[in-house]
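Asks:
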Amino acid sequence: MERHLVLTLLLVLIGFCCGKKLEGKCVVDKTSGKEGSPPVEGTISLMQPDSGDIQIKVSLKGFGPTAAITKHGFHVHMYGNISNGCMAAGTHYNPFNKDHGGPSDTERHVGDLGNLEVSVDGTVEKTLTDPLIKLSGDTSVIGKALVIHANEDDLGTGTFPDSKLSGHAGPRIACCEIVLDKESSSKATRLTSQILGYLTFFTLALMW
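The sequence shown runs -19 to -1, 1 to 189 under mature numbering (1 follows the signal peptide of the UniProt record, and there is no 0).
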């Protein structure tokens, strides 16, 4: 009976330790935007648990402490090619051919992530979640680009001709390509192996 309970506990712990978690990263270079853009730079990290919404952690600086515009459109674009001042990234990632909207709208592009709000010191430190974008599967954003725009995204509610296309968010001031974070994946694999080794040793010791 005791052995059965120990084995059951081991299987539960193995399932817990081996839960899949993908991580991606997007490194923004201060020269990525169109000429004359603010020198925005930093890292955007993406974490997709085995279930639930993806988490996106944004850590950027360089907007300027006296920026006249404090909200900037933030979207996933079609291609990871970020040359030509981010223009080569193409349009918003929109695999279901929907109108542009806000992150909480039913009618939205997969790539519609709303706005980033800049602090008074010219930085952005924000963590957001999203139910649509993924790091694997049909709506994977690996190999695509994250783009930050000069103006606030009107979330498709404006009256401008491009409101339903891009939220009238204006020029592209910074961007980066989304890639899998191989270093984090490797660390997670090593940690899982170590935990399983300890669990196996502990279980065998109890069974003897």
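The beta carbon of each residue, even a glycine, is placed where N, CA and C say it ideally should be.
Distance, Cα to Cα, residue 56 vs residue 4?
Replies: As a working note, residue 56 is residue 75 in the sequence shown. As a working note, residue 4 is residue 23 in the sequence shown. C-alpha separation (whole angstroms): 18 Å.
Asks: Below 7 Å CB to CB, which residues in the same chain sit around residue 11 once its five sequence neighbours on both sides are set aside?
Replies: Residue mapping note: residue 11 aligns to position 30 of the sequence shown, counting from 1. So the qualifying residues of the chain are 20, 21, 22 and 43.
Asks: Is DSSP giving residue 115 helix, strand or coil here?
Replies: As a first step, residue 115 must be located in the sequence shown, where it is residue number 134. Of the three classes helix, strand and coil, the one that applies to residue 115 here is strand, per DSSP.
Asks: Identify every residue that forms a DSSP beta bridge with residue 55.
Replies: Against the sequence shown, residue 55 aligns to sequence position 74. BP columns for residue 55 point to 129.
Asks: Please say whether residue 154 and residue 18 have beta carbons closer to each other than 9 Å?
Replies: As a working note, residue 18 is residue 37 in the sequence shown. As a working note, residue 154 is residue 173 in the sequence shown. Contact: yes.
Asks: Given that a residue counts as buried once 16 or more other Cβ atoms are within 10 Å of its Cβ, and exposed if not, what is residue 137?
Replies: Indexing the sequence shown from 1 puts residue 137 at position 156. That one is buried.
Asks: Using DSSP with H/G/I as helix, E/B as strand and the rest coil, what is residue 155?
Replies: Position 174 of the sequence shown, counted from the start, is the residue given in the question as residue 155. In this structure, residue 155 counts as strand in the three-state DSSP scheme.
Asks: For the putative contact between residue 37 and residue 126, defined by C-beta atoms under 8 Å, what is the C-beta separation to the nearest angstrom?
Replies: Here residue 37 refers to the residue found at position 56 when the sequence shown is read from its first residue. Here residue 126 refers to the residue found at position 145 when the sequence shown is read from its first residue. Contact doesn't hold; Cβ gap of about 14 Å is too wide.
Asks: When the distance is taken between beta carbons, is residue 111 closer than 9 Å to residue 84?
Replies: Against the sequence shown, residue 84 aligns to sequence position 103. Against the sequence shown, residue 111 aligns to sequence position 130. It is a contact, given that the beta carbons lie within the stated cut-off.
Asks: For residue 114, tell me which candidate among 34, 15 and 16 has the shortest Cα-Cα distance.
Replies: As a position in the sequence shown, residue 114 is number 133, starting the count at 1. The shortest C-alpha separation from residue 114 is found at 34.
Asks: Compare the Cα-Cα distances from residue 39 to each of 69, 98 and 66 and report the closest residue.
Replies: Locating residue 39 in the sequence shown gives position 58, counting from the first residue. Ranking 69, 98 and 66 by Cα distance to residue 39 puts 98 first.
Asks: What are the uninterrupted segments assigned as beta strand (DSSP E) that are 3 or more residues long and contained completely in the region 4 to 30, given in chain order?
Replies: 22 to 29, all fully within the region 4 to 30.
Asks: Going along the chain, which residues of its own chain have a beta-carbon closer than 7 Å to the beta-carbon of residue 167, five neighbours each way excluded?
Replies: Locating residue 167 in the sequence shown gives position 186, counting from the first residue. Low confidence applies to residue 167: its pLDDT is 45, below 50, so where it sits in the model is not reliable enough to give any reading.
Asks: Helix, strand or coil, according to DSSP, for residue 42 in the structure here?
Replies: For the purposes of this step, residue 42 is taken as residue 61 along the sequence shown, with counting starting at 1. Residue state, collapsed to three classes: strand.
Asks: Using the Cα positions of residue 69 and residue 152, report the straight-line distance between them to the nearest angstrom.
Replies: For the purposes of this step, residue 69 is identified with residue 88 of the sequence shown, where counting begins at 1. For the purposes of this step, residue 152 is identified with residue 171 of the sequence shown, where counting begins at 1. The alpha-carbon atoms of residue 69 and residue 152 are separated by roughly 13 Å.
Asks: Tell me which same chain residues have a C-beta within less than 7 Å of the C-beta of residue 8, skipping the five on either side of it?
Replies: By 1-based counting over the sequence shown, the position of residue 8 is 27. Taken in chain order, the residues that qualify are 24 and 157.
Asks: Taking the beta carbon of residue 96 as the centre, do at least 16 other beta carbons fall within 10 Å, making it buried, or is it exposed?
Replies: Numbered from its first residue, the sequence shown carries residue 96 at position 115. Buried: at least 16 other Cβ atoms inside 10 Å.
Asks: Measure from the alpha carbon of residue 90 to the alpha carbon of each residue in 122, 52, 67 and 28, then state which is nearest.
Replies: Along the sequence shown, one-based indexing puts residue 90 at 109. Selected option, being the one with the closest Cα: 122.
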